[in-house]
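Residue numbers (our numbering), protein chains in the order written: chain A, 107 to 568; chain B, 9 to 202.
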């Protein structure tokens, strides 16, 4: 089926050429038969973008925000239906967050330095064409966030999504490309091969005319872009520990953990993946979590059944990733009501779900003797990802000690994990959190190269 | 593709042909009508031996489904005495039909016309009309799966006809293009270019 569609499209193009009906303004929808075609279009479009005013670029970004919000419910539902990951209501929040808190052109304001020797001006220049690899987990959020950031910085983007999210990703391309063109931006500024797969991903990574690679996903894809010989930004997996000490406001911690670990069924890489609690407040924390009405405490025997289901041969069973807790527990013979968002259980330190990135709403809670032991254990289970850690405490020494020890890109204090990406927390949002390569929460400025312009002797006016 | 209020006439023709083929299969002669989103007649066909009254009913079914934007059988249910739209059949010069066989034609959730079928039992009429609806869905799917064909403005009808004629000549050479697929492909191209 697929081959003949491409064949027919090519045939029609040939016929049109023969009839010399040259497309006067070939707008397209951002989807191309090959990676090569997408890159060529992106090169032309990026040059055209640079000829437009910065004000126009601002209008393009504003229109992207507007059109995405309009289509929000539709694409959120589409993503959940296609990937079976996450929850529609949370995807809607995710998209709103990306629309509202991804910085636009304000992020590339130049820096000026004046002194005895005149003026130095530092400008953030575009890198050109960026190849962006996006994950199965957050197709909508990553597309919105990357497009706004990369285009605001003056770049063109060729995406390659995870094949299991291709329908949603195509729709995101159509939506974002349509918004760009509608606001007067060049067609082809963002694009993707119509049939994204491993081959198109490799072609994109190896393409000589792609100037920068940005990979959002697991360790595998990050390793690939880092070996490419190009400037690469990588956002990899995490296994965020959440440490609760005896000084924490336990009720608030219980609520924050419940909301954070269950958002989108735990598929965000920043989500609380295990709780480490100082023993004297363990019972209170679990009791308060249950009192939220959204948490089911598994008995040791039930926990064992669930673990057998979701961990197979030391790996996470992919078919349960991102599913609703009801689906997972039902297969383990446990029925919970619809309000339930999260299953928790008391786990030993060596329990596999403590060490694996489960990405599902089943959260182990590990007891430690004191905060010192908790910090040491938290650092261990974070496994050197240096991604995200969360801590609930009112003791600033403890907070500082854990933050120093764990060395993560994001450290959230006394809030759900997602406060760390700007949802209910200060600061901009990003769905490409570049821990491995060190850029942190990426934004427009990340996708630039710095250029300095110096003028000697003049322009210091004080 | 762009937002539209009528199907390209070529697509309307394919829909009517699809319905005719389905009627032939049933062995019941039928009349088939396609109208635009405002109910204006666009394409009509009547097989030999069709019940005389079916000519009018087919056109009125298509008209009703297009202007009320719902299938005629559904409309019939809400137009019964005591129901919300009771009395709707009194206006419109008697053109409103309250039984099955008329369906709105939709692209991207937007009504772009209507199809009406008459000649058999209501169930047969509906089955034949649904065959045309499936064909339209297949064409829309084709149009979506052929990225980048949209030229930014509608291709003039004559040019479109030439493209399709050239395509028809070339299509038998395409692998795995069965007859239904070929019609879907041609309709998809017509949708993508107009």
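All C-beta atoms in this analysis are idealised placements derived from N, C-alpha and C, irrespective of residue type, glycine included. No experiment lies behind these values; they were computed from the predicted model shown.
- Task: Output yes or no for whether 9 Å exceeds the beta carbon distance between residue 233 (chain A) and residue 429 (chain A).
- Result: Position 127 of the first chain, counted from the first residue, corresponds to residue 233 (chain A). Position 323 of the first chain, counted from the first residue, corresponds to residue 429 (chain A). Their beta carbons are not under 9 Å apart, which means residue 233 (chain A) does not touch residue 429 (chain A) by this criterion.
- Message: Any beta carbon of chain B sitting closer than 9 Å to that of residue 513 (chain A)?
- Response: For the purposes of this step, residue 513 (chain A) is taken as residue 407 along the first chain, with counting starting at 1. Not one chain B Cβ lies under 9 Å of residue 513 (chain A).
- Task: Return the bridge partner residues of residue 333 (chain A) from the DSSP annotation.
- Result: Within the first chain, the letter at position 227 stands for residue 333 (chain A). According to DSSP, which records beta bridges pairwise, residue 333 (chain A) is partnered with nothing at all.
- Query: What's the call for residue 22 (chain B), buried or exposed, on a 16-neighbour Cβ count within 10 Å?
  - Reply: Taking the first residue of the second chain as 1, we reach residue 22 (chain B) at position 14. Answer is buried; the Cβ neighbour count reaches 16.
- Task: Evaluate residue 133 (chain B) with the Cβ neighbour count: other Cβ atoms within 10 Å of its Cβ, from every protein chain shown; 16 or more gives buried, anything less gives exposed.
- Result: Within the second chain, numbered from 1, the residue matching residue 133 (chain B) stands at position 125. Label assigned to residue 133 (chain B): buried.
- Item | Range of the contiguous alpha helix (DSSP H) that encloses residue 169 (chain A) | Looking up residue 169 (chain A) in the first chain gives position 63. That run of the alpha helix (DSSP H) goes 160-189.
- Give a yes or no on whether the C-beta atoms belonging to residue 144 (chain A) and residue 294 (chain A) are separated by under 9 Å. In the first chain, the residue the question calls residue 144 (chain A) occupies position 38. In the first chain, the residue the question calls residue 294 (chain A) occupies position 188. Yes, Cβ-Cβ distance for residue 144 (chain A) and residue 294 (chain A) is below 9 Å.
- Message: I need the straight-line Cα distance from residue 432 (chain A) to residue 177 (chain A), nearest angstrom please.
- Response: By one-based count along the first chain, residue 432 (chain A) stands at place 326. By one-based count along the first chain, residue 177 (chain A) stands at place 71. Their backbone Cα atoms lie some 28 Å apart in a straight line.
- Message: Does chain A have any CB closer than 9 Å to the CB of residue 51 (chain B)?
- Response: Counting from one through the second chain, the residue named residue 51 (chain B) turns up at place 43. Output row for residue 51 (chain B): interface = no.
- Task: Could you pull the start and end residues of the alpha helix (DSSP H) that residue 287 (chain A) belongs to?
- Result: Against the first chain, residue 287 (chain A) aligns to sequence position 181. Here the alpha helix (DSSP H) through residue 287 (chain A) covers 272-288.
- Message: Once DSSP output is grouped into helix, strand and coil, what is the label at residue 204 (chain A)?
- Response: Looking up residue 204 (chain A) in the first chain gives position 98. Helix at residue 204 (chain A).
- What residues from chain A crowd round residue 18 (chain B), counting only those whose CB sits closer than 7 Å? Locating residue 18 (chain B) in the second chain gives position 10, where the first residue counts as 1. Neighbours of residue 18 (chain B) on chain A: none; closest Cβ ~14 Å, over 7 Å.
- Task: Please state if the CB of residue 438 (chain A) and the CB of residue 408 (chain A) are separated by a distance shorter than 9 Å.
- Result: Taking the first chain and counting its residues from 1, the one referred to as residue 408 (chain A) is at position 302. Taking the first chain and counting its residues from 1, the one referred to as residue 438 (chain A) is at position 332. Contact flag set, yes.
- Test: residue 46 (chain B) CB closer than 9 Å to a CB of chain A: As a first step, residue 46 (chain B) must be located in the second chain, where it is residue number 38. Not one chain A Cβ lies under 9 Å of residue 46 (chain B).
- Item | chain A contact for residue 119 (chain B) (CB, 9 Å cutoff) | The sequence position of residue 119 (chain B) within the second chain is 111, counting from 1. Taking Cβ atoms only, chain A never reaches closer than 9 Å to residue 119 (chain B), which makes this a no.
- Proximal residues to residue 528 (chain A) (C-beta, below 7 Å), its chain only, five neighbours per side dropped: Counting from one through the first chain, the residue named residue 528 (chain A) turns up at place 422. Excluding positions up to five away in sequence, the list reads 203, 207, 534 and 535.
- Is any beta-carbon of chain A found at less than 9 Å from that of residue 29 (chain B)? Here the question's residue 29 (chain B) lines up with position 21 in the second chain. No, residue 29 (chain B) lies away from the interface with chain A (no Cβ there is under 9 Å from its Cβ).
- Item | Proximal residues to residue 269 (chain A) (C-beta, below 8 Å), its chain only, five neighbours per side dropped | Looking up residue 269 (chain A) in the first chain gives position 163. Cβ within range, chain order: 302, 303 and 304.
- Message: Strictly by DSSP, which residues pair up with residue 453 (chain A)?
- Response: Translated into the one-based positions of the first chain, residue 453 (chain A) becomes position 347. A:472.
- Task: Compute the Euclidean distance between the alpha carbons of residue 186 (chain A) and residue 324 (chain A), then round it to the nearest angstrom.
- Result: In the first chain, residue 186 (chain A) corresponds to position 80, counting from 1. In the first chain, residue 324 (chain A) corresponds to position 218, counting from 1. C-alpha separation (whole angstroms): 20 Å.
- Message: Tell me the rounded alpha-carbon separation between residue 537 (chain A) and residue 311 (chain A).
- Response: Numbered from 1 along the first chain, position 431 holds the residue referred to as residue 537 (chain A). Numbered from 1 along the first chain, position 205 holds the residue referred to as residue 311 (chain A). Distance between the alpha carbons of residue 537 (chain A) and residue 311 (chain A) is about 20 Å.
- Task: Over the uninterrupted beta strand (DSSP E) stretch that includes residue 230 (chain A), give me the two end residues.
- Result: Position 124 of the first chain, counting from 1, holds the residue named residue 230 (chain A). It spans 224-232 - the beta strand (DSSP E) in which residue 230 (chain A) sits, taken as one unbroken run.
- Message: Considering just the uninterrupted stretch of the alpha helix (DSSP H) at residue 154 (chain A), what are its terminal residues?
- Response: To locate residue 154 (chain A), count along the first chain from 1; it is residue 48. Unbroken alpha helix (DSSP H) run through residue 154 (chain A): 141-157.
- Chain-ordered chain B contacts of residue 111 (chain A) [CB-CB under 7 Å]: In the first chain, counting from the first residue as 1, residue 111 (chain A) sits at position 5. At a C-beta separation below 7 Å, residue 111 (chain A) has these neighbours in chain B: 150, 153 and 154.
- Query: Could you give the distance in angstroms between the alpha-carbon of residue 130 (chain A) and the alpha-carbon of residue 497 (chain A)?
  - Reply: The residue given as residue 130 (chain A) occupies position 24 in the first chain. The residue given as residue 497 (chain A) occupies position 391 in the first chain. Annotation note: pLDDT 42 at residue 130 (chain A) (below 50); position unreliable, coordinate value reported separately. The straight-line gap from Cα to Cα measures roughly 58 Å.
- Message: Please tell me whether residue 82 (chain B) has its Cβ less than 9 Å away from any Cβ of chain A.
- Response: Translated into positions along the second chain, residue 82 (chain B) becomes position 74. Chain A, which has no Cβ nearer than 9 Å to the Cβ of residue 82 (chain B), makes this no.
- Message: Can you pull the chain B neighbours of residue 286 (chain A), defined as C-beta to C-beta under 8 Å?
- Response: The residue given as residue 286 (chain A) occupies position 180 in the first chain. Neighbours of residue 286 (chain A) on chain B: none; closest Cβ ~15 Å, over 8 Å.
- Length of the line joining the Cα atoms of residue 205 (chain A) and residue 365 (chain A): Start at 1 with the first residue of the first chain, and residue 205 (chain A) comes out as number 99. Start at 1 with the first residue of the first chain, and residue 365 (chain A) comes out as number 259. C-alpha separation (whole angstroms): 21 Å.
- Message: Using only the alpha-carbon positions, how far apart do residue 285 (chain A) and residue 253 (chain A) sit?
- Response: In the first chain, the residue the question calls residue 285 (chain A) occupies position 179. In the first chain, the residue the question calls residue 253 (chain A) occupies position 147. Cα to Cα, the separation comes out at about 11 Å.
- Apart from the five residues just before and just after residue 495 (chain A), which ones in its own chain have a Cβ nearer than 8 Å to its Cβ? By one-based count along the first chain, residue 495 (chain A) stands at place 389. Answer for residue 495 (chain A): 346, 347, 348, 349, 484, 488, 508, 509, 512, 514, 516, 517 and 518, listed in chain order.
- Query: Are the C-beta of residue 115 (chain B) and some C-beta of chain A separated by less than 9 Å?
  - Reply: Your numbering for residue 115 (chain B) matches position 107 in the second chain. No, its Cβ sits nowhere closer than 9 Å to a Cβ of chain A.
- Task: Please report the residue range of the alpha helix (DSSP H) in which residue 385 (chain A) lies.
- Result: Mapped onto the first chain, residue 385 (chain A) falls at position 279. First-last for residue 385 (chain A): undefined, no H or E at that position.
- Identify which residue in B:112, B:150, B:62 and B:89 has its Cα closest to the Cα of residue 113 (chain A). Along the first chain, read from residue 1 onward, the residue named residue 113 (chain A) stands at position 7. For residue 113 (chain A), the nearest C-alpha among the options comes from B:150.
- Label residue 111 (chain A) either buried or exposed according to how many other C-beta atoms from any shown protein chain fall within 10 Å of its C-beta, with 16 as the threshold for buried. As a working mapping, residue 111 (chain A) is identified with position 5 in the first chain. With 16 or more other Cβ atoms within 10 Å, it is buried.
- Query: residue 318 (chain A) and residue 267 (chain A) look like a contact to me (Cβ under 8 Å); what is the Cβ gap, rounded to whole Å?
  - Reply: Translated into positions along the first chain, residue 318 (chain A) becomes position 212. Translated into positions along the first chain, residue 267 (chain A) becomes position 161. About 18 Å separates the beta carbon of residue 318 (chain A) from that of residue 267 (chain A), a gap too long to meet the 8 Å contact definition.
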